[in-house]
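Peer 1: Going by our numbering, the letters in the sequence shown line up with residues 20 to 196, in that order. I'd like to ask some things about the structure below.
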Amino acid sequence: MAGLWRSYQTLMTKYPWSVQIVTAGSLVGVGDVISQQLIERRGLAHHNVRRTARMMSIGFFFVGPVIGSWYKVLDRLVVGGSKSAAMKKMLVDQLCFAPCFLGAFLCISGALNGLTVEENIAKLKRDYTDALISNYYLWPPVQIANFYFVPLHHRLAVVQIVAVAWNSYLTWKANKM
């Protein structure tokens, strides 16, 4: 396991952007597999592979690039590594970024699931508030620790590891019709 972590860190040093995106897409996919198998209890015979592929594509093309870029912007907006700076970063992240990101994630998921604009809006009205409240139960303490203890180039990976559970919930929520 230590060798795997060292290899990951080496790749992260050489190719940070690519590794962050691949990590995000892969872990969104893992979250969807967990959602389908443990939450929805579909069983392997009824696993929706296309759905997992759609969710992974959201991870590769939306989650990874957007969150990776956001952390860079946030580090420029709130400078420093103190406890106070970590708290400010968490507040900006949770009050400004998270509501927009969550809405965009749910809309993209709906569009990829073939929802019409009207159906997507109705689904967003139904699910957004519940998902945002759930977000606020999980992410503030995670983000304070992330911003205080974790170097910038590892933040997306740390968030995505914690997010396996979150992604399981979010993919269930995004795919619940």
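Note that beta-carbon positions come from the ideal geometry of N, C-alpha and C, so glycine has one too. The structure displayed is predicted, hence computed values, not measured ones.
Is L30 helix, strand or coil by DSSP?
Peer 2: helix
Peer 1: The alpha helix (DSSP H) with F166 in it runs from where to where?
Peer 2: 136 to 168
Peer 1: Look up G122 in the DSSP assignment and say whether it is helix, strand or coil.
Peer 2: helix
Peer 1: Whole alpha helix (DSSP H) runs in the segment 49 to 97 with 4 or more residues, listed along the chain?
Peer 2: For the segment 49 to 97, whole alpha helix (DSSP H) runs of length 4 or above, ordered along the chain, are 68 to 77, 83 to 96.
Peer 1: For R73, count the other beta carbons within 10 Å of its own beta carbon; 16 or more makes it buried, fewer makes it exposed. Which is it?
Peer 2: buried
Peer 1: How many angstroms separate the CA atom of Y90 from the CA atom of K192?
Peer 2: 25 Å
Peer 1: On the CB-based measure, 16 or more other CB atoms within 10 Å of its CB, does T71 come out buried or exposed?
Peer 2: Only buried fits T71, as 16 or more other CB atoms lie within 10 angstroms of its CB.
Peer 1: DSSP three-state label for N132, please.
Peer 2: The three-state reading of DSSP puts N132 in coil, since its state is none of H, G, I, E or B.
Peer 1: If we ignore side chains and look at the alpha-carbon of each, how far apart do L30 and E137 end up?
Peer 2: In this structure, the alpha-carbon of L30 lies about 43 Å from that of E137.
Peer 1: If I'm right that K77 touches L131 with Cβ under 8 Å, what's the distance once you round it to whole angstroms?
Peer 2: In the sequence as presented, Lys is not what sits at residue 77; that position holds Ile. Yes, they are in contact, since the Cβ atoms of I77 and L131 sit about 7 Å apart, within 8 Å.
Peer 1: Please report how far the alpha carbon of R61 lies from the alpha carbon of R145, in whole angstroms.
Peer 2: One Cα belongs to R61, the other to R145, and the distance between them is close to 24 Å.
Peer 1: What's the C-alpha gap between I127 and L189?
Peer 2: 12 Å
Peer 1: Taking only the alpha-carbon atoms, compute the straight-line gap between P170 and A150 and give it to the nearest angstrom.
Peer 2: 28 Å
Peer 1: Could you tell me the alpha carbon to alpha carbon distance between V97 and I58, rounded to whole angstroms?
Peer 2: 38 Å
Peer 1: Measuring only the C-alpha atoms, how far is K102 from Y167?
Peer 2: 6 Å
Peer 1: Using the Cβ count rule (16 or more neighbours within 10 Å means buried), how would you classify W24?
Peer 2: exposed
Peer 1: Which whole-angstrom value describes the C-beta separation of L125 and D112, a residue pair presumed to lie in contact below a C-beta threshold of 8 Å?
Peer 2: With 8 Å as the limit, L125 and D112 do not qualify as a contact, their Cβ atoms being about 18 Å apart.
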